[in-house]
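Student: Chains as they are written, first to last, in the working numbering: chain A, 1 to 251; chain B, 1001 to 1198. By construction, the Cβ of each residue, glycine as well, lies at the ideal position given by its N, Cα and C atoms.
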Amino acid sequence: MQWSDDAIVLTVRSHGEHGAIASLLTREHGRHAGLLRDGRAKATRGTMQTGNRVAAQWSARLGEHLGTWRCELLRAHAADILGDPLALAALGALAAVAEATLPERERHAPLFATTAALIEAFAAPGWPAAYVQWELALLAELGYGLDLARCALTGTVDDLAFVSPRTGRAVSTAAAEPWRDRLIALPRFLAAGGSAAPTPSDIAAGLALTGHFVERHLLVPQGRRLPAARDRFVDEVRRLASLSAGMTDAP
Amino acid sequence: MAVSDLDRLILLLAKLPGLGPRSARRAALQLIKRREALLEPLAAALAAAAQNVRVCSICGNLDTIDPCGICADPRRDRALLCVVEDVADVWALERSGAYRGLYHVLGGTLSALDGRGPEELRIAPLIARAGAGGIAEVILATSATVEGQTTAHYIADRLAGLAPSVTRLAHGVPVGGELDYLDDGTLSTALKARRAVR
């Protein structure tokens, strides 16, 4: 059997002397692995960098086989951000989280579109908020969407400032008072009608929120925790947050 | 079933990069045919390498002495430190003859997939070397890949305040390269790294 699809390179692992096993996020076939026979060749390595968009052709004798890839580069996104440490860290986090959480061979076309848009946005400013939104979209796509539109206790849509770590539903400042220390902060840019320009501190809070639910719902059941690549991205955002806080505090 | 010495030689040769079972058999046959000219010197060289080659305690290079020949060479520029992923990269730079400073071999790149974090690489000894003073420039010569550059940025962060200058190798058009034949990624990085002609 054989099919062709639009795909994003997630991971490539060496296999034998010349080959590699590549995991791609495809539009119509979900996260899918396959063998790249010349995966370690000079020309192929450039094409198969994490985040690159490729035209992929998968073939195997039977559907349940690992199969082999033939990939042609469509857009070299990785090369665009090699000099940007934050975008590189985010790309690594995206690939590691997708690889760890998305079930293999399960179609998630909306998530493919969100992922492609996020990777496209890495080369432009203002994308960190889109990364947080991507993790929210991942949770929603896999059936664990958060309800951040109204307060779980009062139904109000105003002044939403917290999220329940158990239910993933928003709570307003007033209603949250008795449980404040047990709730997760909801940054304003994620709340209904939130601000359009989040600060690095808001992004760090957003990552703490999505990280909690990604780990709780998607990773802990597999006996795993958040990937180290995501931790490094969070560290990078926190570093920016502390730098910008320092600049704000300065006289 | 007992394996003969010849079969064992073929099995071991077949594990080397670039050799499969058939080419290992051909190599073994050549070695046997040229016993005095090839097999015995090769066996002696292998035994000597197994006995004497060690990892340099300063830079991580391979040599028969510790510190290695490069670290011990007084003619090298000690203010320059080039950070590479692997010993093969040291050999490549030495082959070029373009660099006369010291090296630091990391032993790989950060890789979430392979579970290789900063603790698995020789990053702590690098920080210690830079912190000891005397280094004017650290050149990050990791691969132009997502993992290589993620590692470079990570190290650059850790070196902040320790080395006066942290640079990385340029990415772009190779010598003899024609634009028509270059991939999009190389062209894109080459354009970003362009510099004034005059």
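Are the CB atoms of Ile1155 (chain B) and Cys1082 (chain B) nearer to each other than 9 Å?
Tutor: Here residue 1155 (chain B) refers to the residue found at position 155 of the second sequence. Here residue 1082 (chain B) refers to the residue found at position 82 of the second sequence. Cβ atoms of Ile1155 (chain B) and Cys1082 (chain B): not closer than 9 Å.
Student: Would Pro187 (chain A) pass as a contact of Ser172 (chain A) if the rule is Cβ separation under 9 Å?
Tutor: As a first step, residue 187 (chain A) is located in the first sequence; it is residue number 187 there, counting from the start. As a first step, residue 172 (chain A) is located in the first sequence; it is residue number 172 there, counting from the start. It is not a contact, given that the beta carbons lie outside the stated cut-off.
Student: Any beta-carbon of chain A closer than 9 Å to the one on Met1001 (chain B)?
Tutor: Position 1 of the second sequence, counted from the start, is the residue given in the question as residue 1001 (chain B). At Met1001 (chain B) the pLDDT is 46, less than 50, meaning the model places this residue with poor confidence; the figure from the coordinates comes in the next sentence. Chain A, which has no Cβ nearer than 9 Å to the Cβ of Met1001 (chain B), makes this no.
Student: Within the same chain, show all residues whose beta-carbon is closer than 7 Å to that of Ala100 (chain A), passing over the 5 residues directly before and after it, in chain order.
Tutor: By 1-based counting over the first sequence, the position of residue 100 (chain A) is 100. Once the five neighbours on either side are set aside, the close Cβ partners of Ala100 (chain A) are Leu219, Arg224, Pro227.
Student: Quick one: what's got a C-beta closer than 6 Å to Leu1126 (chain B)'s C-beta in the same chain, skipping five residues either side?
Tutor: Numbered from 1 along the second sequence, position 126 holds the residue referred to as residue 1126 (chain B). Result list for Leu1126 (chain B): His1104, in chain order.
Student: Can you tell which of A:Arg230, A:Ala191, A:Phe189, A:Arg166 has its C-alpha closest to the C-alpha of Arg216 (chain A)?
Tutor: Position 216 of the first sequence, counted from the first residue, corresponds to residue 216 (chain A). Considering only alpha carbons, the answer is A:Arg166.
Student: So the candidates are A:His77, A:Pro85, A:Ser4, A:Ala192; which of them puts its Cα closest to the Cα of Leu146 (chain A)?
Tutor: Stepping through the first sequence from its first residue, residue 146 (chain A) is reached at position 146. Among A:His77, A:Pro85, A:Ser4, A:Ala192, the Cα nearest to that of Leu146 (chain A) is on A:Ala192.
Student: Put Ser1143 (chain B) into one of helix, strand or coil per three-state DSSP.
Tutor: The count along the second sequence starts at 1 and reaches residue 1143 (chain B) at position 143. Here Ser1143 (chain B) sits in coil by DSSP.
Student: Which whole-angstrom value describes the C-beta separation of Leu1106 (chain B) and Gly1117 (chain B), a residue pair presumed to lie in contact below a C-beta threshold of 8 Å?
Tutor: To locate residue 1106 (chain B), count along the second sequence from 1; it is residue 106. To locate residue 1117 (chain B), count along the second sequence from 1; it is residue 117. Actually they do not touch by this definition, with Cβ atoms about 12 Å apart.
Student: Can you tell me which of A:Thr26, A:Glu135, A:Met1 puts its alpha carbon nearest to the alpha carbon of Ala60 (chain A)?
Tutor: To locate residue 60 (chain A), count along the first sequence from 1; it is residue 60. Cα-wise, what sits closest to Ala60 (chain A) is A:Met1.
Student: Check whether the stretch 1007–1026 of chain B and the stretch 230–239 of chain A touch, using three or more Cβ-Cβ pairs below 8 Å as the test.
Tutor: Taking 8 Å as the limit for Cβ pairs, the verdict is that the stretch 230–239 of chain A does not touch the stretch 1007–1026 of chain B.
Student: What residues match up with Phe162 (chain A) in a beta bridge as DSSP calls it?
Tutor: The sequence position of residue 162 (chain A) within the first sequence is 162, counting from 1. Paired residue(s): A:Val171, A:Ala185.
Student: Starting from Cys71 (chain A), trace the beta strand (DSSP E) in both directions and tell me its first and last residue.
Tutor: The residue labelled residue 71 (chain A) in the question sits at position 71 within the first sequence. 68–75 is the extent of the beta strand (DSSP E) around Cys71 (chain A).
Student: Note the first and the last residue of the continuous alpha helix (DSSP H) segment covering Trp134 (chain A).
Tutor: Against the first sequence, residue 134 (chain A) aligns to sequence position 134. Looking at the DSSP string, the run of the alpha helix (DSSP H) that includes Trp134 (chain A) is 128–141.
Student: Using 10 angstroms around the beta-carbon of Tyr1181 (chain B), count the other beta-carbons present and answer buried if the total reaches 16, otherwise exposed.
Tutor: Looking up residue 1181 (chain B) in the second sequence gives position 181. Tyr1181 (chain B) comes out exposed.
Student: List the residues of chain B that Leu91 (chain A) touches, going by C-beta distances under 8 Å, in chain order.
Tutor: Residue numbering aside, residue 91 (chain A) sits at position 91 when the first sequence is read from its first letter. In chain order: Val1146.
Student: Along chain B, which residues have their Cβ under 7 Å away from the Cβ of Glu17 (chain A)?
Tutor: Here residue 17 (chain A) refers to the residue found at position 17 of the first sequence. By Cβ distance, chain B contributes Pro1017.
Student: If you check the beta carbons only, do Ala116 (chain A) and Arg53 (chain A) fall under 9 Å apart?
Tutor: For this step, residue 116 (chain A) is matched to residue 116 along the first sequence. For this step, residue 53 (chain A) is matched to residue 53 along the first sequence. The answer is yes: Cβ separation under 9 Å.
Student: Whole angstroms is fine: what's the gap from Arg182 (chain A)'s alpha carbon to Phe189 (chain A)'s?
Tutor: Residue mapping note: residue 182 (chain A) aligns to position 182 of the first sequence, counting from 1. Residue mapping note: residue 189 (chain A) aligns to position 189 of the first sequence, counting from 1. Going from the Cα of Arg182 (chain A) to the Cα of Phe189 (chain A) covers about 21 Å.
Student: Looking at the secondary structure, which residues open and close the alpha helix (DSSP H) in which Cys1071 (chain B) lies?
Tutor: For the purposes of this step, residue 1071 (chain B) is taken as residue 71 along the second sequence, with counting starting at 1. Element bounds for Cys1071 (chain B): 1069–1072.
Student: For chain A, find out if any of its Cβ atoms is closer than 9 Å to the Cβ of Gly1115 (chain B); answer yes or no.
Tutor: Here the question's residue 1115 (chain B) lines up with position 115 in the second sequence. It does: the Cβ of Gly1115 (chain B) has a partner Cβ on chain A nearer than 9 Å.
Student: Assign Arg31 (chain A) to buried or exposed, taking buried as 16 or more other Cβ atoms, counted over all protein chains shown, within 10 Å of its Cβ.
Tutor: Taking the first residue of the first sequence as 1, we reach residue 31 (chain A) at position 31. By the neighbour-count rule (16 or more Cβ atoms within 10 Å), Arg31 (chain A) is buried.
Student: Unbroken alpha helix (DSSP H) runs of length 4 or more, entirely within the stretch 53–125 of chain A: which are they?
Tutor: Listed in chain order, they are 77–80, 85–101, 109–121.
Student: Provide the residue span of the beta strand (DSSP E) that contains Trp3 (chain A), from first to last.
Tutor: On the first sequence, position 3 is the one that residue 3 (chain A) refers to. Note, Trp3 (chain A): beta strand (DSSP E), 2–15.
Student: What are the residues in the stretch 1077–1110 of chain B lying within 7 Å of chain A by C-beta distance?
Tutor: So the list is empty, because no residue satisfies the distance condition.
Student: Would Trp69 (chain A) and Leu35 (chain A) qualify as a contact pair, given that the criterion is a beta-carbon distance under 9 Å?
Tutor: By 1-based counting over the first sequence, the position of residue 69 (chain A) is 69. By 1-based counting over the first sequence, the position of residue 35 (chain A) is 35. A contact, by the Cβ cut-off of 9 Å.
Student: Give a yes or no on whether the minimum CB-CB distance between Ala1170 (chain B) and chain A is below 9 Å.
Tutor: Numbered from its first residue, the second sequence carries residue 1170 (chain B) at position 170. So no, Ala1170 (chain B) is outside the interface.
Student: Can you list, in chain order, the residues of its chain with a C-beta nearer than 7 Å to that of Leu73 (chain A)? Leave out the 5 residues immediately preceding and following it.
Tutor: Position 73 of the first sequence, counted from the first residue, corresponds to residue 73 (chain A). Thr47, Asn52, Val54, listed in sequence order.
Student: Considering only their Cβ atoms, is the gap separating Arg40 (chain A) from His18 (chain A) smaller than 9 Å?
Tutor: If you number the first sequence from 1, residue 18 (chain A) lands on position 18. If you number the first sequence from 1, residue 40 (chain A) lands on position 40. Closer than 9 Å, so yes.
Student: Please work out which residues of its chain come closer than 6 Å, Cβ to Cβ, to Asp1073 (chain B), disregarding the five sequence neighbours upstream and downstream, and give them in chain order.
Tutor: Counting from one through the second sequence, the residue named residue 1073 (chain B) turns up at place 73. Answer for Asp1073 (chain B): no residue qualifies.
Student: Taking just the CA atoms, how far does Ala197 (chain A) sit from Leu136 (chain A)?
Tutor: For the purposes of this step, residue 136 (chain A) is taken as residue 136 along the first sequence, with counting starting at 1. For the purposes of this step, residue 197 (chain A) is taken as residue 197 along the first sequence, with counting starting at 1. Looking at the two C-alpha atoms, the distance is approximately 18 Å.
Student: For Arg1129 (chain B), does the count of other Cβ atoms within 10 angstroms reach 16, so buried, or fall short, so exposed?
Tutor: Mapped onto the second sequence, residue 1129 (chain B) falls at position 129. By the neighbour-count rule (16 or more Cβ atoms within 10 Å), Arg1129 (chain B) is buried.
Student: Tell me the DSSP secondary structure of Ile1123 (chain B) in three-state form.
Tutor: Counting from one through the second sequence, the residue named residue 1123 (chain B) turns up at place 123. Three-state result, Ile1123 (chain B): helix.
Student: Under 8 Å between beta-carbons, which chain A residues line up against Asp1184 (chain B)? List them in chain order, please.
Tutor: As a first step, residue 1184 (chain B) is located in the second sequence; it is residue number 184 there, counting from the start. Leu73, Arg75, Ala76, Ala79, listed in chain order.
Student: May I ask which residues mark the beginning and end of the alpha helix (DSSP H) holding Gly211 (chain A)?
Tutor: Indexing the first sequence from 1 puts residue 211 (chain A) at position 211. Here the alpha helix (DSSP H) through Gly211 (chain A) covers 200–213.
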